[in-house]
Amino acid sequence: MRERKAFSLDRTFLIDLTRCTGCRGCQVACKEWNQMEAEKTAFFEGEGYQNPLAMSEHTLTRIKFRDYQKDGRNEFAFYKEMCMHCNQPACASVCPVGAFRKTPEGPVIYDAKRCIGCRFCMVACPFGVPKYQWSKTLPLVVKCTGCYSRVKAGLVPACAKACPSAIVYGNRRDMVDEAQRRLAAWPAKYINRIYGLGEAGGTSVLYLSELPFDELGFKNVTSRPLPSYTWAALRLVPGIFMGVGASLTFISWLTQRKDRLRNEEETRKAAPARPEEK
Amino acid sequence: MTNHWNDLKNSDCIMAIGCNPAENHPVSFKWIEAAKEKGAILIAVDPRFTRTASKADTYAHIRPGTDIAFIGGLINYALQNNLIHKEYVREYTNAPFIIVEKFDFNEGMFGKWDDNEKAYDMNAWAYAMDESGRARRDPTLKDPRCVFQLLKKHYTRYDVETVCAVTGTKKDDYLRVAQTFCGTGRPDRAGTILYAMGITQSTHGTQNVRAVAMLQMLLGNIGIAGGGVNALRGESNVQGSTDHGLLFHQLPGYLPSPEYSDATLEATLAKRLPKTNEPKSANWWQHGGTYAISLLKAWWGQDATAENGFCYDYLPKRSGNYSYIYVMRKVLQGHVEGLVCMGMNPAMGGPNSLKEREALGRLKWLVTADLWETETSIFWKRPGVNPKDINTEVFMLPAAASTEKEGSITNSGRWAQWRYKAVESPGEAKSDLWIIDQFSTRLKAVYAKEGGAFPDPIVKLAWDYGHEPDVHRVAREINGYFTRDTSVKEKDKTLEFKGGDQVPSFTYLSDDGSTVSGCWIYCGSYTREGNMMARRDPTDLPNGLGIHPKWAWAWPANRRILYNRASVNRAGEPFDPKRPVIAWNQVEKQWQGDVPDGGAPPLNDDKGTYPIIMNPEGVGRLYALTLRDGPFPEHYEPVESPARNLLSRVQHNPLVKVTSDIEVDLDKYPYVGTTYRVTEHWQAGAMTRSLPWLVELVPNMFVEISQSLAKSKGIRNGDRVRVSTERGSLEAFALVTARIKPFIVEGRSIEQVGMPWHFGYAGMATGDSANILTSAVESPDSSIPEYKAFLCNIEKGGTRP
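The listed protein sequences derive, respectively, from chains A and B. With the working numbering applied, the first sequence has no gaps in its numbers, which climb one by one up to 278 at the end. With the working numbering applied, the second sequence has no gaps in its numbers, which climb one by one up to 1079 at the end.
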């Protein structure tokens, strides 16, 4: 699988959490577009009006609520959890059957027909995105598709379309520029960081926030592309394979040579002496 | 709204009071964020820290029912700190007008109170007139009897300390609000006030809105881009409904509906239509007769002639107050045989739900038209009653949803936007148009055949909208058309119209029976050129203010910002050249920009007119003549209140009739209760509590309480609780949050309990109804119930899971 090095034209979300009102239009639009089941919920699961308890096989995106106080002021904040559509996705890297693919347009898509349900992707994803179909007898993994079919038809993803105020969608270069423009224009308003710019080597979902990201529940993720960890090891494999193979062959040849020489020696000793020439 | 949604992006300061746009009008945040992108400040004034407050630059905590104290304090702050727009106030409001000597205010009461009538003598509030019948005025605003000085005097009591003691707002927060919002009094600054039920559903609701309008007039914010008094309407087409005479005291187009004593058309028009001696006042309501006659022609067609007063005798004449509260009271008393509820759910939306539901059982028959079964349509099998005990015959008509029918929807900004039918209705569900057409057609037939006490008004109705019926025919009639060939002389040309041609604008309507118009304010919406409401050209005007004159159609006359003549000075120059709503082009002798509010030249011109065209005096009323509870808003406590009135000795609005179900004993009910809505559910819940994706988000009835109240009652987040008032009690989950805080009232900490009112016993997701707790005590002006402030108690525990 050839890896791309440039991602500036990838279709990318810019989610400005200072403009998110937690309306859940995105959460419902996603369910509607993908015709997913509603989960059975009771009261609220989490802070504020949060529901359901987590992303799952039935919930590909979810607004997490934070309802707390800081320095005597109320903070009521909302964070849209979703697949980050990484530039170099860990899920695609670890999948033994190649069920995940980073498309040229940007979304990381998933081919259910290939999935064997091994869940390596769930272990590998640093954002905890892929979810398992616990309810099914033949379970597969599920995650946000980036509305790839819509993107290919020239439309924007359902969640981006539904959002009235917080989501902008465009190519990565423009979204990064816009994020930087906002950070420069309102330095007091934002935390000076674009989450997703460097996380996991860069993703197609960028966030801006006025509250520290970890306070909202964002994970601290390395800026190394996840596949680079395994790549560091995996890339040595052919060499090691060849090297070990060659060494073992050599050792084998060496030990066999000793035996061979000894055999030849013994054969010579055991054979009758040839009559001396008169 | 005086302005409209897109216009929010033009504002420098947006104050949301008694409303929660982020949760209840989420798409509005597109425009609010556009304003913030340009540096605008958002202020949220709310008893709770809502999703709107989460986006606000300043949040002010306010005790439910104390909005006049809050706004009155801002009025006082603006006056004391000289932050008003002086030229605007002097020229465009009645600030200079002199008031008669009899007007007085003392100890919480205006002069003259008649204890027998339990009302004020409103003649004591009149303008002092000169010999020519015009109000006397002092342009220097110094006369102690002028409105400006009386206003100043009235609000001196509303100093920051007192206001914060009443509202419970932190002084720092209040000062920040005052400095920011009153800072928009500068001519180059625009401030807008958004409001909704939080301030209207009060026994002083009308006065709350009055206070908002007064503040905006003082700051010169009416008629300008990014300004205005902007109601966030609560349903997608309630504006349209109101426009077409939804309220009991109005006919379509806000014409007054006649009462029993209004014997003839001529006498009614003479009595109701305002006259003025102000030469420069357009006094637009003087044309009301033309609009009324065109309306009567629409209803009774050719039978309506000048000889018979255009069938005025066929118009029902009401005898008093027919507001919702009164109707339901009559239903409860057994005086009403039948009730038709179209998309209306009294069992949920009215106050004191237990009584409302009981009332329905007194009907002989009930017809409901809804998409789903509602609490009203299944009131007869609600929990706790035996259907055998109820004799009401209930007919449930399945109604079509908005995407299943064609027609216009008028939004809060008065934009009538045409919609198309996207899908067929399921089963036998029909559009409201079809249902009403069937009612009418069949009633006409029955009355024609069987006669009755007075069948003519029904039998002679001019009712022909085609077989289906055709909504375009209705829309065309609403706009209006000429009944015969007509020539109209206009300036230097003569316009010819044939009988049947659509009327181009309400200035062409006449009172001689030659025009028909089902609603004069919509005249211009469907012209000879076609359906203006269906236009979708997004091009904006060069001023970039979001006017979009060719996108759909706004009433009146496609004017997007009302009273826009107040955005320019007497010479017709915009006060703020950066936001020119209209501007007088001296060369071409015409206005540019939005449709001017009155096409006359600027005020300085001989033919110039004042900007507030719907008032007979032509200027804005800082001092109001026609509200029964007083010319100036005065803070009174809600009828059920935990505090005594700190502004005067009169506890609550003296005109309020206190109902028997009110209880002010704080030992019984120590906490302030209030209701609100969430994004995820819609009104009475019929439209959303059967949709799984929405139920997933908010599945159960809940109440929100503070951490301190939770601690004192041993309630944890997610516990079941019981909330009770004098009217009834309910069970719900408790959501414990730091966003709800108690109010400090005279040194005591008063807790509040807030809750959404979406839940009921019908539908997929059920729960107890918040309106079980509220009372029908109503505002004397509008009869709106005081839903937003009552007293309650809360206990841990509940019997049901």
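Note that the Cβ used here is the ideal one computed from N, Cα and C, for glycine as well. These numbers were taken from a predicted model, which means no experiment stands behind them.
Within 8 angstroms of the CB of Phe526 of chain B, no CB atom of chain A is found; the nearest one sits about 35 angstroms away.
In the structure shown, Phe307 of chain B adopts helical secondary structure according to DSSP, grouped into three states. 8 angstroms or more divides the Cβ of Leu216 of chain A from the Cβ of Ile194 of chain A.
By the rule that beta-carbons nearer than 8 angstroms mark a contact, Lys102 of chain A does not touch chain B. When the alpha-carbon of Tyr800 of chain B is set against those of B:Leu573, B:Arg843, B:Thr546, the nearest one is in B:Leu573. When C-alpha distances from Gly639 of chain B are compared across B:Pro665, B:Val618, B:Asp648, the shortest belongs to B:Pro665. No alpha helix (DSSP H) of 4 residues or more sits fully in the region 811-864 of chain B. Per DSSP, reduced to three states, the secondary structure at Pro624 of chain B is helical. The beta carbon of Ser1007 of chain B sits closer than 8 angstroms to those of Arg1000, Val1001, Ile1050, Leu1051, all from its chain and outside the five residues before and after it, given in chain order. For secondary structure counted as the alpha helix (DSSP H) over 4 or more consecutive residues, the region 573-661 of chain B holds these complete runs in sequence order: 602-610, 624-627, 631-638.
DSSP places His432 of chain B in the uninterrupted alpha helix (DSSP H) bounded by 425-433. Of B:Thr1003, B:Thr418, B:Leu903, the smallest CA-CA separation from Asp399 of chain B is found for B:Leu903. Taking the Cα positions, Thr937 of chain B is about 19 angstroms away from Thr484 of chain B. Listed along chain A, no residue sits closer than 8 angstroms to Leu286 of chain B by beta-carbon distance, the nearest being about 12 angstroms off.
Nearest CB-CB separation between Cys147 of chain A and chain B: not below the 8 angstroms threshold. Of all residues in the region 936-958 of chain B, only Val956, Thr957, Glu958 place a beta-carbon less than 8 angstroms from a beta-carbon of chain A.
By the CB criterion at 8 angstroms, Leu525 of chain B and Ile292 of chain B fall outside the cutoff. Proximity of Thr61 of chain A to chain B, defined by a Cβ-Cβ separation below 8 angstroms, is not satisfied. For Gly317 of chain B, no alpha helix (DSSP H) run applies, since DSSP gives it neither H nor E.
In this structure the region 923-939 of chain B lies against the region 386-400 of chain B, because at least three pairs of beta carbons, one per stretch, are closer than 8 angstroms. Nearest to Ala1012 of chain B by C-alpha distance, out of A:Met36, A:Phe43, A:Glu39, A:Ala29, is A:Phe43.
Within the region 162-186 of chain A, the residues whose Cβ lies closer than 7 angstroms to some Cβ of chain B are Pro164, Ser165, listed in chain order. Per DSSP, Pro970 of chain B is not a residue of any beta strand (DSSP E); the alpha helix (DSSP H) it occupies stretches across 970-975. Residues of the region 17-31 of chain A with a Cβ closer than 8 angstroms to any Cβ of chain B, in chain order: Thr18, Arg19, Thr21, Gly22, Cys23, Arg24, Gly25, Gln27, Val28, Lys31. The residue among B:Thr445, B:Ala1010, B:Tyr405, B:Val781 with its C-alpha nearest the C-alpha of Lys380 of chain B is B:Tyr405. DSSP, read as helix, strand or coil, puts Ser765 of chain B in strand. Contact residues of the region 1007-1023 of chain B toward chain A are Phe1011, Leu1013, Thr1015, Ala1016, Arg1017 (C-beta to C-beta distance below 8 angstroms). Residues of the region 984-998 of chain B with a Cβ closer than 9 angstroms to any Cβ of chain A, in chain order: Asn995, Gly996.
If you check each beta-carbon in the region 49-74 of chain A against every beta-carbon of chain B, the ones closer than 8 angstroms belong to Tyr49, Asn51, Pro52, Asp67, Tyr68, Gln69, Asn74. By the Cβ neighbour-count rule, Leu254 of chain A is exposed, with fewer than 16 other Cβ atoms within 10 Å of its own. Nearest CB-CB separation between Ala42 of chain A and chain B: below the 8 angstroms threshold.
Under a criterion of Cβ atoms nearer than 7 angstroms, no residue of chain B is adjacent to Phe218 of chain A; the nearest Cβ is some 18 angstroms distant.
DSSP, read as helix, strand or coil, puts Leu900 of chain B in coil. Contacts between Lys448 of chain B and chain A, judged by CB atoms closer than 7 angstroms, are missing: the closest CB pair is about 10 angstroms apart.
Listed as beta-bridge partners of Ala294 of chain B by DSSP are B:Ala322, B:Leu472. For Ser519 of chain B, the closest C-alpha among the options B:Val614, B:Phe1021, B:Cys797 is that of B:Cys797.
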